[in-house]
Every structure is written in C-alpha cells, then in structure tokens.
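For the sequence shown, the UniProt record's numbering gives the first residue as 1, with consecutive numbering after it.
From the three backbone atoms N, C-alpha and C, an ideal C-beta is built for every residue, glycine too.
None of the values given here were measured: they were computed from a predicted structure.
Each remark here refers to the structure printed beneath this line.
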Amino acid sequence: MAPEKTTKRRAPSVVADFTILPLTLPTLSGLPASHESTQHYLYIKPHEPSAYTATAERSLFVANVPIDASESNIRALFAEQLGGARVESVDFDASVPARPLHKRWKQEKRGDDEIEAGQRGKKRKRNDAEVVAEGVVEDEDSALPALWASEVRRSGSAAVVVFVDKRSARGALKEIQAAVKSGRAVQWKAGSGLGVERYKSHLALVHPSASALQSSINAYLTQFNALETQRARLLKHARTVPDEDGFITVARGGRAGPARIEEAEKKKAELEERRKNNGVKDDFYRFQNREKRKEAEINLRKRFEEDRRRVARMRERRGRVRPEA
Numbered sequence: 001m002a003p004e005k006t007t008k009r010r011a012p013s014v015v016a017d018f019t020i021l022p023l024t025l026p027t028l029s030g031l032p033a034s035h036e037s038t039q040h041y042l043y044i045k046p047h048e049p050s051a052y053t054a055t056a057e058r059s060l061f062v063a064n065v066p067i068d069a070s071e072s073n074i075r076a077l078f079a080e081q082l083g084g085a086r087v088e089s090v091d092f093d094a095s096v097p098a099r100p101l102h103k104r105w106k107q108e109k110r111g112d113d114e115i116e117a118g119q120r121g122k123k124r125k126r127n128d129a130e131v132v133a134e135g136v137v138e139d140e141d142s143a144l145p146a147l148w149a150s151e152v153r154r155s156g157s158a159a160v161v162v163f164v165d166k167r168s169a170r171g172a173l174k175e176i177q178a179a180v181k182s183g184r185a186v187q188w189k190a191g192s193g194l195g196v197e198r199y200k201s202h203l204a205l206v207h208p209s210a211s212a213l214q215s216s217i218n219a220y221l222t223q224f225n226a227l228e229t230q231r232a233r234l235l236k237h238a239r240t241v242p243d244e245d246g247f248i249t250v251a252r253g254g255r256a257g258p259a260r261i262e263e264a265e266k267k268k269a270e271l272e273e274r275r276k277n278n279g280v281k282d283d284f285y286r287f288q289n290r291e292k293r294k295e296a297e298i299n300l301r302k303r304f305e306e307d308r309r310r311v312a313r314m315r316e317r318r319g320r321v322r323p324e325a
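Below, the structure written as structure tokens:
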C-alpha cells in the first residue's frame, strides 16, 4: 500500500488574547543546514497590568522573546517591518547575567506645596538633601568592568514595549494582525555576541586592562569623597535644627542662637501638652478606681490611729501634777 500523504499543520494565529507572530531567525555560524530558516513565535497582546499605569494604554505585552532580544532589536522590528511604529522604551523581565543594580544618591528640593502634602503623615524638613543609599555610591562609571559583552534572555521571557502614543500602539497591533493574516514573512535581526563569539569576548573581559581598572577606581573614589562631603554638610545642618522632640544636638565648638532655643522650648511645650491630652486618665480603668479607694481608706486609717495616739498622750498629761517653777 502507498504511504498516506501527511499534511503539514499550520501554526495557529491566535491563542487566548495573544496574536501569534512567526519570526524567521537568521542562521548562526557553526549550525548545520537543517537549522536554516528556523521559525520563532512571538505572543503579543495589549498590555493590561493588574495595577493601572500611565503607559498601559500605549504599550504591548510580548511573550517568548528571542534569547538575543534587546531594545534595538525590538525597535528595528517595529520600525522596519511592522508599520514603522515608534517605540519609546522596552522593559524586559530578566536577563542572563542579571543586570547589576547600582546604588545612587541624589539631592531633592521640594516646594512649599509638596512639603505641606508630605507633612500630613510625617513631618519633613524643608530643602534637605536626601541620601538615598547608605555606604559607598556606585554607578556605571564607578562599577567594575562588565564580564559579558551582552545580555541574553531566559527561555520564554517577556517584555513590555511602550510606544510614543496610543495611536502608534494600536497601529502596531493592527500591522501585526495583518502580517499574521497574510502570512508575510517577518525577519528577525540577530543580536551580537552569540555562540562561540560570546565566550571569546567573555574570556577577554575577565582580564581587563590596567587603564580600565584605574578609571573605575578614580570614579569610585571621586563619588566617595563627594558623598562624605555631603554627609558632613547634612550633619552640620542637623546640629542647628531641633528634632521632633524639640531638642538640639549639642556639638563641641558650636552654640545655638536665642531663636533656635526659643523654638526648641516651644516645641517641647507643645509635645508635653500633646502627651498630656493624649495620655490615659487616672480613672479610666476600673482597677484604677479600686486602687484609689483602697489608698484613700489606708490614709484615713493612718490618720485615725495618729489622732487616737495624740488623744491618749493628752489624757496622760492632764492627770499629772506639774510643780511650780
């Protein structure tokens, strides 16, 4: 019997709320011919986060991004092959290696309106520099040189593509649906640093040059000195400002003016008045009333015993004969 002809099943175009966009991946060097024109599928839908954000209406949620996906790849995909939609930013969920988190410090000055709004729950001092991170400041300049030339995504990773406006996001989604319906081939532009080249560059980056290390150390020490100067200025300012309890930190070699002392005494009086008004009364609980009655009874008994002894002494003195002087 002749073998039955097998028909090639076509991939679905929609799964749940996702539109499935097939991508043709470029052939990497070193792979056999059977891996040419490999298909990769993107799952795309409008972004609907659980908590509303300002960019939700002009963003798309993309699942199963390629491992070499980057912001430049996503921008090129929409700009060159999906209607020319303009992408504002791309947020990926994870990468290998993980993106380093840098500590930063900043100086913020708030206006009177913001200060009044922030003082509802907690009092804040005006025009104070805020040191966000403790310890040494570290950013891209002062961090150690990277050990990998590029990042790769985990299998099945997702991304949120934010467009410049709502119209661009809708146009990009319509273009994706039209490409899927027509069966148009969409080529994926591969990123750099995959395969053997990735590990060759990693081996070179493991041993950085002396000049790269010196520039990193110089930036690190510069930021450390700037942070120490900032902390010294904040400490000097804190020594002249009363705290929430109305006290001023006393430092050797410095004196507080009459205005500062008067303000501290005023705050201290307000604090005592607040504690007096908000404190628990003496007769609030039943056991307090019972203790007060018991204490009054003991005091009455003590005074009664004292009066009885005094009367007894007076009676003894009345029966004695005193010789005349």
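{"Asked": "How many Å lie between Asn64 and Ala158 at the Cα?", "Found": "6 Å"}
{"Asked": "Quick test of your reading: Thr24 and Ser13, contact by CB under 8 Å. State the CB separation rounded to the nearest angstrom.", "Found": "That belief does not hold up - the Cβ atoms of Thr24 and Ser13 are roughly 16 Å apart, past 8 Å."}
{"Asked": "Let's see if you can read the secondary structure: which residues bound the beta strand (DSSP E) around Gln39?", "Found": "38-46"}
{"Asked": "Would you mind reading off the limits of the beta strand (DSSP E) that contains Ser89?", "Found": "87-92"}
{"Asked": "Measuring CA to CA, which of Leu42, Phe247, Leu235, Ala212 is closest to Glu140?", "Found": "Ala212"}
{"Asked": "Which same chain residues end up closer than 8 Å to Lys166 when comparing Cβ atoms and leaving out the 5 residues on each side of it in sequence?", "Found": "Glu57, Arg58"}
{"Asked": "Just the C-alpha distance for Val241 and Leu227, rounded to the nearest angstrom, thanks.", "Found": "21 Å"}
{"Asked": "Taking all protein chains shown into account, decide if Gln107 is buried (16 or more other Cβ within 10 angstroms of its Cβ) or exposed.", "Found": "Since pLDDT at Gln107 reaches only 45, below the 50 mark, its modelled position is unreliable, and the value read off the structure follows with that caveat. Gln107 is exposed by the Cβ-count criterion."}
{"Asked": "When DSSP labels each residue in this structure, what does Thr240 get in the three-state scheme?", "Found": "coil"}
{"Asked": "Can you name the start and end residues of the beta strand (DSSP E) that Val62 belongs to?", "Found": "59-63"}
{"Asked": "Taking a contact to mean a Cβ-Cβ separation below 7 Å, would you say Val162 touches Ile67 in this structure?", "Found": "no"}
{"Asked": "What residue does the beta strand (DSSP E) around Leu21 start on, and which one ends it?", "Found": "18-25"}
{"Asked": "Span of the beta strand (DSSP E) holding Phe287?", "Found": "From DSSP, Phe287 is part of no beta strand (DSSP E) but of the alpha helix (DSSP H) over 286-318."}
{"Asked": "Let's see if you can read the secondary structure: which residues bound the alpha helix (DSSP H) around Ala11?", "Found": "Taken as a continuous stretch (DSSP letters only), Ala11 belongs to no alpha helix (DSSP H), as it is neither H nor E."}
{"Asked": "Compare the beta carbon distance of Ser142 and Gln223 with 7 Å and say whether it is the shorter of the two.", "Found": "yes"}
{"Asked": "For Pro22 versus Tyr41, is the C-beta distance shorter than 7 Å?", "Found": "yes"}
{"Asked": "I'd like to know whether the C-beta atoms of Ile20 and Tyr43 end up nearer to each other than 7 Å.", "Found": "yes"}
{"Asked": "Closer than 6 Å by C-beta to Ser168: which residues in its own chain qualify, once you throw out the five before and the five after it? Chain order, please.", "Found": "Ala85, Arg86"}
{"Asked": "Can you tell me where the beta strand (DSSP E) with Val160 in it begins and where it stops?", "Found": "158-163"}
{"Asked": "Could you work out which residue in Asp17, Val96, Leu28, Phe18 is closest to Val196 when comparing CA atoms only?", "Found": "Leu28"}
{"Asked": "When DSSP labels each residue in this structure, what does Lys106 get in the three-state scheme?", "Found": "Per-residue confidence for Lys106 stands at a pLDDT of 48, beneath the threshold of 50, marking its modelled position as unreliable; the derived number appears in the next sentence. It is coil, neither helix nor strand."}
{"Asked": "Residues in its own chain within less than 8 Å of Gly83 by CB, not counting five upstream and five downstream?", "Found": "Gly171, Ala172, Lys174, Glu175"}
{"Asked": "Any idea what DSSP makes of Val206, helix, strand or coil?", "Found": "coil"}
{"Asked": "DSSP beta-bridge partners for Gln230?", "Found": "Answer is none; Gln230 lacks a bridge partner."}
{"Asked": "Would you mind giving the Cβ-Cβ distance between Leu205 and Ala146, rounded to the nearest angstrom? I have them listed as a contact below 8 Å.", "Found": "6 Å"}
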